[in-house]
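2 protein chains.
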Amino acid sequence: MNFNQLKVFCLVAEVKSFSKAAKLAHLTQPAISSQIQSLESTLGATLFTRTSTGVYLTDAGQVAHHYIKKMLLIQEELNDQLRLHDQYLP
Amino acid sequence: MNFNQLKVFCLVAEVKSFSKAAKLAHLTQPAISSQIQSLESTLGATLFTRTSTGVYLTDAGQVAHHYIKKMLLIQEELNDQLRLHDQYLP
DNA sequence: GTCCCTTACGTCAGTCGTAAAAATG
DNA sequence: CATTTTTACGACTGACGTAAGGGAC
């Protein structure tokens, strides 16, 4: 599980579309599809229901979204704190 | 940045040794060294001071340790919550 | 036909282990 | 010399893009 997968997951959850997320992330749809499948595999749960009108979070997906948002927020705080620090190398 | 790196980082921070962490994680010392170097590179900060008597967290390393522990805790909560869910596939 | 997601496949970066090197006590 | 970390190198896994496939409107 890596943070790129988590960012892609949150992006898809927001725009409710793999293809739109792909454009926003400057990736291809297959890359998005692969990332989501990989995340679903490691978490052992289906995160999205795929329909012709769009993709939507399952119950498990909503749970995951809640925690993953928190993790990404903490990651940003970490980066912010390190940027203020001495050992930071631009 | 992936979660294996974060777990290795926390392990090294606890045992203050790459070699001991390697044994505990069932990896080799070079693998630990590489993971830490990679994490230091992505965070843009030196996390450990390497001495002959052991490795110790730098100031930036202590900051990172604080946030990374929180991220790993949330990851565990996520796994716990998903395990209670319907869509969970063993 | 059009749009969207998935599968298949070749390519390239990242990670591991083994082996050798460098540094410290 | 013993211990620990780092570097070098070959092998493997994982992620990407291109191209083709399948389903819904």
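Order-wise, the sequence lines are chains D and B.
Residues in the first sequence are numbered from 80 upward in steps of one, following my numbering.
Residues in the second sequence are numbered from 80 upward in steps of one, following my numbering.
Backbone N, C-alpha and C define an ideal beta-carbon position, used for all residues, glycine too.
Item to complete: Could you tell me whether the Cβ atoms of F82 (chain B) and Q154 (chain B) are closer together than 8 Å?
Response: Residue numbering aside, residue 82 (chain B) sits at position 3 when the second sequence is read from its first letter. Residue numbering aside, residue 154 (chain B) sits at position 75 when the second sequence is read from its first letter. Result yes, Cβ atoms of F82 (chain B) and Q154 (chain B) sit closer than 8 Å.
Worksheet item: Of all the CB atoms in chain B, is at least one closer than 8 Å to the CB of A143 (chain D)?
Response: Position 64 of the first sequence, counting from 1, holds the residue named residue 143 (chain D). At least one chain B Cβ lies under 8 Å of A143 (chain D).
Fill in: Neighbour-count burial assignment, H145 (chain D), 16 or more Cβ in a 10 Å radius
By 1-based counting over the first sequence, the position of residue 145 (chain D) is 66. When all chains shown are included, H145 (chain D) counts as exposed.
Discussion item. Going by DSSP, what residue range makes up the alpha helix (DSSP H) through G133 (chain D)?
Written reply: For the purposes of this step, residue 133 (chain D) is taken as residue 54 along the first sequence, with counting starting at 1. That residue, G133 (chain D), is in no alpha helix (DSSP H); its beta strand (DSSP E) goes G133 to L136.
Worksheet entry | Cβ shell of V91 (chain B) (< 8 Å), same chain only, five flanking positions each side left out | The residue you call residue 91 (chain B) lines up with position 12 of the second sequence. F97, A100, I111, I115, F127 and V134.
Worksheet item: So L103 (chain B) packs on V94 (chain B), CB below 8 Å; how close in whole Å?
Response: Residue numbering aside, residue 103 (chain B) sits at position 24 when the second sequence is read from its first letter. Residue numbering aside, residue 94 (chain B) sits at position 15 when the second sequence is read from its first letter. That belief holds up - the Cβ atoms of L103 (chain B) and V94 (chain B) are roughly 7 Å apart, short of 8 Å.
Worksheet item: For T121 (chain D), does the three-state DSSP call read helix, strand or coil?
Response: Position 42 of the first sequence, counted from the start, is the residue given in the question as residue 121 (chain D). Three-state DSSP puts T121 (chain D) in a helix.
Worksheet item: Taking 8 Å as the CB-CB cut-off, is K102 (chain D) touching chain B?
Response: Residue mapping note: residue 102 (chain D) aligns to position 23 of the first sequence, counting from 1. Judged by the 8 Å Cβ criterion, K102 (chain D) is not in contact with chain B.
Worksheet item: How about M150 (chain D) and M150 (chain B): are their beta carbons less than 8 Å apart?
Response: Position 71 of the first sequence, counting from 1, holds the residue named residue 150 (chain D). Position 71 of the second sequence, counting from 1, holds the residue named residue 150 (chain B). In this structure, M150 (chain B) lies closer than 8 Å to M150 (chain D) by Cβ.
Worksheet entry | Interface positions of the segment 108-120 of chain D facing chain B (Cβ-Cβ less than 8 Å), listed along the chain | Result list empty, no residue passes.
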